[in-house]
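Chains as they are written, first to last, in the working numbering: chain A, 1 to 242; chain B, 243 to 540.
Before any comments, here is the structure.
Encoded structure:
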């Protein structure tokens, strides 16, 4: 997969550096998107009852549903980790040292409040931390879309308050999109999911990456999919080689 | 500044005068009297408190609570219980409240779909009549919900913005099968370190009618007093709700032996060391006085 990837355009590179995110429309499309949607549906059916029981036991959140161990359920979830639509960008942003930390194959039910508030994921002292949010279905405005505060990833920006209403965050940008849209964002930056005022749950996949450091390499973390990691590039991405 | 313990239990031995349901936690022969608690209040400069019914939800089982509220009317307010099979919850609520003192009711379930993806019409929830009546009569709702119902609260809070809602014990919603009695005779609730309420109860901070009790730490913590492993939860609650919607409480009598009532009155210093004196004063009583409308004492 990685060999097909291309780096960012100058415009994308500038937006990444200045604003902290890049939107890739149509990053997944056609048969591949359909296959991803089907795999998402199948895994949801397989796992939902177990999730409901974990919710009742207080072991899982009721306000979002993550498919457990998705990489082991369908190869499509592995294939998107180094998908050429964004992997070239990741490699450019990390200086060729992209390390995959994990996926979140996430369904977010309709709820009066967004399941999360404005937050950065990691402090600036953390190695560069990048997420790719992929919309599996269309995500319109006011339907739990991802939102980001442009420039909030940079040192010296802010300080940022934590407004209780998502739309109260100064300078934020909502990023609705069609199914197959991918949003690459710097996790130092402030982001959230907006309220969902529709009747449709939001379905997306969040892929989590970091610039490789020895502390974060866990050679056994993805051993269950080792058979799918046959190239040096992929083994490096999944941290299978120190 | 007034100091208020916003949640504790007192109960008499089970008797004809004070009937109550015996439990493993509170056997019929056990007594945790209001006089014992008054001594604690005196010793630790606590002015007032919220007495929360324990020992059954029937009207008659509230006799000791009502006795305490009547005897020490300037000291205490009370929270009653509603039987799960109550045919007429409105009448039950009014009968308990009519003597004065009982200002609200504690709920453990809301009665709705277990699947968070299912559409919710609040009017179909089993607890809807209770919420509607609380709105009509200005009763407080005191929530210690099972985990399976945590996602339903937002719909009701949004539907009834005039109802004052108090989440018990750090907003935790206990999971099914997670309750036991520990070696000190206290409730113990196994709870993940990654607090599930962060994405449910804590998200309700936007609603001004919602407050949270800083209490029950002993039941959730993996460390002994002062429960340092729960500092992050307290910091999050402080950031989300602020001192004007947080209330300290002891959850006596379970803490009388360990760690003791005195240490509990100092717990906020340990778990929220960064707050100002005025913020601490709010958490230790000012918020409860305003939010729960405790009477001014002479």
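Beta carbons are placed, not taken as given, at the ideal position from N, Cα and C, and that holds for glycine.
Item: Whole-Å CB distance - residue 136(A) paired with residue 85(A), under 8 Å assumed; Value: Not really, about 14 Å apart at Cβ, beyond 8 Å.
Item: Interfacial residues, the stretch 100-118 of chain A to chain B, with Cβ spacing under 9 Å; Value: 107, 109, 110, 111, 112, 113, 114, 115, 116, 117
Item: 7 Å Cβ shell around residue 324(B) - same chain, five flanking residues per side excluded; Value: 299, 331, 334, 335, 347, 372
Item: contact_flag[the stretch 367-387 of chain B, the stretch 398-414 of chain B] where n(CB pairs < 8 Å) is 3 or more; Value: yes
Item: Given 8 Å, three or more beta-carbon pairs between the stretch 384-403 of chain B and the stretch 423-434 of chain B; Value: no
Item: Supposed close pair residue 534(B), residue 490(B) - CB separation, criterion 8 Å; Value: With a Cβ gap of about 13 Å, residue 534(B) and residue 490(B) do not count as contacting.
Item: DSSP state of residue 29(A) mapped onto helix, strand, coil; Value: coil
Item: Close Cβ partners of residue 198(A) (< 6 Å) along its chain, the five nearest in sequence each way excluded; Value: 143
Item: Residue 371(B) - containing alpha helix (DSSP H), residue span; Value: 370-379
Item: Spatially closest choice to residue 267(B) from 296(B), 258(B), 458(B), by CA coordinates; Value: 296(B)
Item: Residue-chain proximity (residue 62(A), chain B), Cβ-Cβ < 9 Å; Value: yes
Item: Simplified DSSP assignment, three categories, for residue 528(B); Value: helix
Item: Beta carbon proximity, residue 199(A) to chain B, threshold 9 Å; Value: yes
Item: Whole runs of the alpha helix (DSSP H) within the stretch 82-148 of chain A, excluding any shorter than 4 residues; Value: 84-93
Item: Three-state secondary structure assigned by DSSP to residue 186(A); Value: strand
Item: Residue 1(A) versus residue 196(A): straight-line alpha-carbon distance, rounded; Value: In this prediction, residue 1(A) has a pLDDT of 46, which is less than 50 and means its spatial position is unreliable; what the coordinates show is noted afterwards. Going from the Cα of residue 1(A) to the Cα of residue 196(A) covers about 35 Å.
Item: Pair within 9 Å by beta-carbon distance, residue 60(A) and residue 390(B); Value: no
Item: 9 Å Cβ cutoff, residue 368(B) in contact with chain A; Value: no
Item: For residue 103(A) and residue 271(B), the rounded distance between their alpha carbons; Value: 55 Å
Item: Burial state of residue 3(A), where buried means 16 or more other Cβ atoms lie within 10 Å; Value: Low confidence applies here, because residue 3(A) scores a pLDDT of 45, under 50, leaving its location unreliable and the question unanswered by this model.
Item: Pick from 253(B), 495(B), 368(B), 443(B) that is closest to residue 304(B), judged by C-alpha positions; Value: 253(B)
Item: Cutoff 9 Å: residue 442(B) Cβ touching any chain A Cβ; Value: yes
Item: Neighbour flag for residue 42(A) against chain B, beta carbons, 9 Å; Value: no
Item: Within-9 Å CB hit, residue 122(A) to chain B; Value: no
Item: Which of helix, strand or coil DSSP assigns to residue 204(A); Value: strand
Item: Own chain residues within Cβ distance below 8 Å of residue 379(B), not counting five before or after; Value: 335, 336, 339
Item: Which of helix, strand or coil DSSP assigns to residue 314(B); Value: coil
Item: C-beta neighbour in chain B for residue 149(A), strict 9 Å; Value: no
Item: The stretch 370-401 of chain B: positions lying closer than 7 Å to chain A by Cβ; Value: 389, 390, 392, 393, 396, 397, 400
Item: Every unbroken alpha helix (DSSP H) within the stretch 261-313 of chain B, with a cutoff of 4 residues, ordered by chain; Value: 276-285, 305-313
Item: Euclidean distance between Cα positions of residue 145(A) and residue 235(A); Value: 33 Å
Item: The stretch 474-495 of chain B: positions lying closer than 8 Å to chain A by Cβ; Value: 481, 482
Item: Sequence-distant residues of the same chain with beta carbon closer than 8 Å to residue 219(A), five excluded per side; Value: 239, 240, 241, 242
Item: Three or more C-beta pairs below 8 Å linking the stretch 152-166 of chain A and the stretch 90-108 of chain A; Value: no
Item: Interface residues of chain B facing residue 58(A) [CB-CB closer than 7 Å]; Value: 389, 415, 416, 417, 420, 433, 438
Item: Short-range partners of chain B found in the stretch 151-168 of chain A, where Cβ spacing is below 8 Å; Value: 162, 164, 165
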